[in-house]
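In full-length UniProt numbering, the protein residues as written are 1 to 276.
Laid out in structure tokens, this is it:
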């Protein structure tokens, strides 16, 4: 079916010419794409451009929003699944993105395991729900470009990926056939236990403490490090880093000179940011 995909791309580009100059400018300024070779960049531009034409951006408050901002969001989304076949990189539950100027507050009502109800206000820089929009703070999107280990776009879209299994973010996204669920669970459980042990002792966590919130946040934060500070993640949790290399079919931080398996032809921030 490659001929059909090629025909569809050609037809799409005829209707929506690729703004290559704008794309190249954006990618040159994003640290997360600095290790991509020419072929990978071209693939990212094409997938990202197609993705943008299936997205609707919403702005509850007035702000300046440019083509470059749109391309940056699309680049981060498509980077996550860049080396997956087109059939696996569809993001079926991604339609709307709400962009707000800065961090925002939510009033939460939660019930603990003992049945006690707790109410509190939570400051957030991003938010995701199953079948709902992704909410992103523009200020944090821009700041994240310069800070390793934190990236709100990657964080929220890892939640979206996580939810593709059963509509719930629980740290267990759909897996490739060559990655066993037992291995995934065991690897992340060891990381989770290490993080929660650090918190229980009052010791600094080796990566952002927010990863110890719950398994879903553990996955999202670890993936932030995987894409923005891979050396730190590899040094801290080498087994997890190796698993994510297999899962995402890529190894950020290394120059891509060959196509990875699964491809189909083509200044630290504060350690405890607002909730995502």
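Think of the CB as a built atom: it goes at the ideal place given N, C-alpha and C, for glycine as much as any other residue.
Small disclaimer: the values here were computed from a predicted structure and weren't measured.
Is it true that the CB of residue j sits closer than 8 Å to the CB of residue i?
i	j	result
residue 79	residue 32	yes
residue 67	residue 45	no
residue 27	residue 9	no
residue 122	residue 108	yes
residue 106	residue 124	yes
residue 216	residue 143	no
residue 228	residue 149	yes
residue 56	residue 120	no
residue 159	residue 128	yes
residue 226	residue 206	no
residue 277	residue 155	No answer is possible for residue 277: the residues shown for the chain start at 1 and end at 276.
residue 99	residue 63	yes
residue 77	residue 12	no
residue 101	residue 139	yes
residue 218	residue 195	yes
Where does residue i fall in DSSP's three states?
i	result
residue 58	strand
residue 37	coil
residue 77	helix
residue 29	coil
residue 106	strand
residue 198	helix
residue 245	helix
residue 116	coil
residue 94	coil
residue 66	coil
residue 111	strand
How close, in whole Å, do the beta carbons of residue i and residue j come, if the pair is a contact with beta carbons under 8 Å?
i	j	result
residue 103	residue 137	5 Å
residue 191	residue 161	Going by Cβ atoms, the distance from residue 191 to residue 161 rounds to 18 Å, so no, they are not a contact pair.
residue 223	residue 211	The pair is not a contact, with the Cβ atoms about 10 Å apart (cut-off 8 Å).
Have a look at residue i and residue j and give me their C-alpha separation to the nearest angstrom.
i	j	result
residue 152	residue 75	13 Å
residue 167	residue 15	34 Å
residue 97	residue 145	19 Å
residue 187	residue 250	18 Å
residue 176	residue 247	7 Å
residue 185	residue 236	18 Å
residue 37	residue 82	12 Å
residue 182	residue 60	43 Å
residue 50	residue 197	44 Å
4-residue-minimum alpha helix (DSSP H) runs that sit fully inside the region 121-175, ordered along the chain: As far as the region 121-175 is concerned, its whole alpha helix (DSSP H) runs of at least 4 residues are 138-144 and 152-162.
4-residue-minimum alpha helix (DSSP H) runs that sit fully inside the region 183-240, ordered along the chain: Correct list: 215-228 and 230-236.
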